[in-house]
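Residue numbers (the working numbering), protein chains in the order written: chain A, 959 to 1239; chain B, 367 to 958. One structure is given below, encoded as structure tokens.
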Amino acid sequence: MQTMDYKGKVKPSWCPGCGNHAVLSALRQAMAELDYKTHETAIVSGIGCSSRFPFFMSTYGFHSIHGRALPVAIGLKEAKPEINVIAVGGDGDGLSIGGNHFIHAGRKNPNITYIMMDNEIYALTKGQCSPTSRIGTITKCNPYAWTADRINPVLMALSFNASYVARGYSGDIKQLEQLILEGLKHKGFSFIHIISPCVQYNKVSSFEKIKEIARNLPNDHDVTDKVNAMKYAFSSDGLYTGVFYKVERPTYEERYKEVISTAQKNLPDNYSIKDVIKQFQ
Amino acid sequence: MKDLRIKISGTSGQGIISSGDILSYATARKGYYVTTYRAFPSEIRGDGKCYYTLRISEHKALTATGETDVLVCLDEDTIYECLSELKQNSILIYDSDLVSELKETRDDIIKYAIPLKTIAKNIGSERSRNMVALGIVVGLIQNLHLEEQILKDIELRYKSKSQEVIDANKKALNAGFEYVKSTLKRIDDYDKVQMASTGAKLIMSGNEAIGLAALVSGCRFFAGYPITPATEIMEWLAKELPKFGGKMVQCEDEIAAINYALGASYSGVKAMTATSGPGFSLMQEALGLASMAEIPIVIADVQRCGPSTGVPTKTEQSDLFAAMYGTHGDCPKIVLAPMNVADCFYQTINAFNFAEQYQVPVIVLSDASLGPRRECVDLIDLDKLNIINRQKPVLKEGDTYNRYEDTPSGISPISCPGDLYGEHVVTGLEHTPQNAPTPEPHVHRMMTEKRFRKLETAAGQFSKAKTYGDENASIGIISWGSTSGPVFEAIDKAKENGIKVQALYPRTLYPLPTDWIKGFIKNKDVVIVIEANYNAQFKSTIVERCTKTEVLEFLKYDGTPFTPEEIYEEIQKVSKLQESKYSLTTNKHTHF
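Next up, the structure:
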């Protein structure tokens, strides 16, 4: 497959200069590298600027409702594990209205990839504070100051036991492609936090600003060391990018396969509904 | 006597439900018809009261509620609570070890004060008081010959526990049975109760019937969140789905549950969820998504008293508005309401068929009196069931596939992830037939009409609204769901007393079968809508859509289901009013 083959019928509706363009092209490249078939892949999203993503792809897609990308994506994966499922969305969608699902996705460990494009703002509704907005941010909804602390999505994913946690930013498309590629290849719930600046409503976290503070995780960082990963996620001496954490553990599908074989263990041959009904006789 | 109501009551934790269940299984397996009604508190142990009513009959009965023949009370409070429900010359059994003297009593009933505690203690454990009591019941109705079958059912129920538990329960049952034979001085007539066995039948609860229908329909994915009184559907499918390679996923909340199910259904697997009021409220937004994105899904709402947490274990029919109009926007969907356990099965089969065929959410409105109710169901002929699967497009390379093709029927063939050349994006945004989002006025109009056109196409396939009783009757009753059972019995009672009444019970509530309802109302002098909610939800819908003439209402909203007796009383009242030609005022409230 070529990158071009993943181009959807609808032209990206994002503003020129929006960070999401880079994520789109990085994902297409990573998929091409893995030769993902369009009919065997589904992109699932909620609501928000970045959630328009599925329309710009030629794969199957599910543009659902605000905050619900993960439950739709996991439901799809559990029902049809052979499909490559990628959930995408923004910080408001995934951390605020959909925050609860993020927690439980981590501990269930379904074999899906979740790409969060974080612009620290609600952009589709024209600029209100999100769970990653900085204290003191001024918008029309908080004309004097935003008064809540920020959520740290990488730290969240680590504490909820996601088995692959990475961070990139839209200014470094090469690294982004690598992080996504590795995430797609990872067996289990892979979470990629992408700082994806909004050129319209967020003048604070601009490309320039992120570039200034972004720094690669040290080469000797042990990706199986969760405590160390958390330390880097917490760090105030810059915004670390790269793979924070990566371990293999059984996926939700694998665990359920065991449930199925336990349930079927002592069943007679050709067990059918007729046998089920016997319990009511 | 061919019809018998037994009620076992006591405090939560005394084994009321176990003894009721064992007796109902034994009765059904012996070939009699049985239907039950259970009421229980939310607490597992504590002061809450439990009641288990069984109605054993030679012919199929439609409700267990009504006057009691044999009342067994394992505590003192429920004696006084249930005293008024007893028939004349019926039996009250209570524990003389707990109650030395009755504070209230009746002279027209037979009272057996039996030292249940002592009997249980003498054979090993006070805890088996419930089984001693059950043995006494079986002994009193000795001509139904339940003793052998009930011992088998004790074995079946406790086979996962120890042989010790099985033996202790059997011993207690025998002790009760022997007490009736050798010690009790009987002055009642219930030894004359005799019924013919009517052959093999099934016994299941309303919740199990919904689960079974899902399995039969080909549903292989269930996502849910525990909630009383719907959890049993989830538990049953958790046990059965994996045997067929299917999955039951317990989610973090009901919002997740319905969205999991939508993701699964989009993948091409038939999917459902089940819940009760609070969970149903949480699901409303995703229900609209299913409607807009045209994704088949079945939602069972086992209604309980609301609003908010309400009374979690008690019944009400108050989610009708939420089911019909709950979601924002113009939202095509289908709402079905089963009237008894067998109907829970067949309506859920219909629900999956409608969902698959018309790509809409289908809601099955059960309730707390129906979900946990164990009842006989005639044998199911699986080969006669028509199972419908969604229509798929036939595609080859180079074909253009429009997911939301505007067709005369409104139905657009649906491809699923994994299908070649069928890639598309489904969305909750308004979209063109080519599934591109758009705010264009003419597209929103066209696509809204397309989605609703499916309901017009479906209308011809809905199960016909059924009637019961004399078609020449001047009094008509319209009811829905589980209320229909007591309504029919009240109609039988009215007939015995020379009052002609006919009932209409539509199984499809949305879209409203207006033609049938209009036709029914036209032929009646007076129509009463009977339902278990304060707002007269179905009546308001009927008044708004079907008639300009006056319609009466008879409502109940105390958490208990209607009894045939109270409906019969209402029929009598209306009949007298009619005779004396009093003019009836519109919207007359006869709140129960």
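Cβ atoms here follow ideal geometry from the backbone N, Cα and C, with glycine treated the same way.
Distance between residue j and residue i (C-alpha atoms, nearest Å)
i: D1180 (chain A); j: P738 (chain B); result: 54 Å
i: I933 (chain B); j: S845 (chain B); result: 11 Å
i: V503 (chain B); j: G379 (chain B); result: 20 Å
i: M367 (chain B); j: H425 (chain B); result: 12 Å
i: T549 (chain B); j: I485 (chain B); result: 12 Å
i: A541 (chain B); j: Y399 (chain B); result: 27 Å
i: D836 (chain B); j: N716 (chain B); result: 28 Å
i: T1105 (chain A); j: A1221 (chain A); result: 52 Å
i: K884 (chain B); j: N768 (chain B); result: 40 Å
i: A394 (chain B); j: I516 (chain B); result: 11 Å
i: P407 (chain B); j: G414 (chain B); result: 5 Å
i: G1050 (chain A); j: C1156 (chain A); result: 13 Å
i: D1107 (chain A); j: G1200 (chain A); result: 24 Å
i: Q529 (chain B); j: S390 (chain B); result: 22 Å
i: V809 (chain B); j: K609 (chain B); result: 45 Å
i: V895 (chain B); j: G842 (chain B); result: 8 Å
i: K954 (chain B); j: E815 (chain B); result: Legend: pLDDT at K954 (chain B) = 48, less than 50; position of this residue unreliable, value from coordinates given subsequently. If I take the Cα positions, the gap works out to 38 Å.
i: F958 (chain B); j: F920 (chain B); result: Unreliable positioning characterises F958 (chain B) in this predicted model, as indicated by a pLDDT of 45, which lies under 50. The coordinate reading is nonetheless provided below. Computed Cα separation, rounded: 7 Å.
i: A604 (chain B); j: K551 (chain B); result: 49 Å
Residue i, buried or exposed, once every other Cβ within 10 Å from all chains shown has been counted against 16
i: V1240 (chain A); result: Outside the displayed span of chain A (959 to 1239) sits residue 1240 (chain A), for which this structure offers no information.
i: P592 (chain B); result: exposed
i: R421 (chain B); result: buried
i: A623 (chain B); result: buried
i: Q723 (chain B); result: buried
i: L1225 (chain A); result: exposed
i: L1069 (chain A); result: According to the sequence as given, residue 1069 (chain A) is Asn; it is not Leu. Its Cβ being crowded by 16 or more others within 10 Å, N1069 (chain A) is buried.
i: Q827 (chain B); result: exposed
i: Y691 (chain B); result: exposed
i: Q669 (chain B); result: buried
i: Q1239 (chain A); result: exposed
i: E1166 (chain A); result: exposed
i: C976 (chain A); result: buried
i: T429 (chain B); result: buried
i: E936 (chain B); result: buried
i: K922 (chain B); result: buried
i: F1192 (chain A); result: exposed
C-beta contact flag for residue i and residue j at 9 Å
i: I1152 (chain A); j: S1128 (chain A); result: yes
i: I1109 (chain A); j: R1125 (chain A); result: no
i: S1154 (chain A); j: N978 (chain A); result: yes
i: V664 (chain B); j: C782 (chain B); result: no
i: A579 (chain B); j: Y712 (chain B); result: yes
i: P774 (chain B); j: P759 (chain B); result: no
i: G501 (chain B); j: V546 (chain B); result: yes
i: H1021 (chain A); j: G1056 (chain A); result: no
i: T471 (chain B); j: L506 (chain B); result: no
i: P1089 (chain A); j: L1053 (chain A); result: yes
i: E618 (chain B); j: N1058 (chain A); result: yes
i: A480 (chain B); j: S456 (chain B); result: Here the sequence assigns Ile to residue 480 (chain B), which means Ala is not the residue at that position. It is not a contact, given that the beta carbons lie outside the stated cut-off.
i: L1028 (chain A); j: Y1072 (chain A); result: yes
i: A721 (chain B); j: T639 (chain B); result: no
i: A1045 (chain A); j: I1005 (chain A); result: no
Cβ distance (whole Å) where residue i is taken to contact residue j below 8 Å
i: Q960 (chain A); j: A990 (chain A); result: 6 Å
i: L977 (chain B); j: D463 (chain B); result: Nothing about residue 977 (chain B) can be read from this structure; chain B reaches only from 367 to 958.
i: M561 (chain B); j: S385 (chain B); result: Not quite, the Cβ-Cβ distance comes to about 21 Å (not below 8 Å), so this is no contact.
i: K613 (chain B); j: E1216 (chain A); result: Not a contact, Cβ separation roughly 12 Å.
i: F904 (chain B); j: L686 (chain B); result: 6 Å
i: F1013 (chain A); j: P803 (chain B); result: 7 Å
i: I553 (chain B); j: G577 (chain B); result: Going by Cβ atoms, the distance from I553 (chain B) to G577 (chain B) rounds to 45 Å, so no, they are not a contact pair.
Within-9 Å CB hit, residue i to chain D
i: Y1229 (chain A); result: Reference to chain D is not applicable here, since the protein chains of this structure are A and B.
Residues of the segment 1033-1051 of chain A with Cβ closer than 8 Å to any Cβ of chain B, in chain order
Flagged, chain order: G1033, L1034, K1035, E1036, A1037, K1038, E1040, I1041.
Give the residues from the segment 766-795 of chain B that approach chain A closer than 9 Å (Cβ to any Cβ), ordered along the chain.
If the cut-off is 9 Å between Cβ atoms, the segment 766-795 of chain B has S781, C782, P783, G784, D785, L786, Y787, G788, E789, H790, V791, V792, T793, G794, L795 near chain A.
Where the segment 997-1023 of chain A meets chain B: residues whose CB sits under 9 Å from a CB there:
Within the segment 997-1023 of chain A, the residues whose Cβ lies closer than 9 Å to some Cβ of chain B are H997, E998, T999, A1000, I1001, V1002, I1005, R1010, P1012, F1013, M1015, S1016, T1017, Y1018, G1019, F1020, H1021, S1022, I1023, listed in chain order.
Short of 7 Å Cβ to Cβ, which residues in the segment 740-767 of chain B face chain A?
Here the close residues are I746, L748.
To be precise: take each residue of the segment 1139-1155 of chain A, compare its Cβ to all Cβ atoms of chain B, and keep it if any distance is under 8 Å. Which residues remain?
Cβ contacts with chain B come from no residue of the segment 1139-1155 of chain A.
Quick one: which residues of the segment 1055-1073 of chain A get their C-beta closer than 8 Å to a C-beta of chain B? List them in chain order.
Across the segment 1055-1073 of chain A, CB contacts with chain B closer than 8 Å involve N1058, H1059, I1061, H1062, in sequence order along the chain.
Mind checking the segment 962-982 of chain A against chain B and listing, in chain order, the residues whose C-beta falls within less than 7 Å of any C-beta there?
The residues in question are K967, V968.
When you check each C-beta in the segment 588-614 of chain B against every C-beta of chain A, which residues fall closer than 7 Å?
Correct list: A589, E606, P608, K609, G611, K613.
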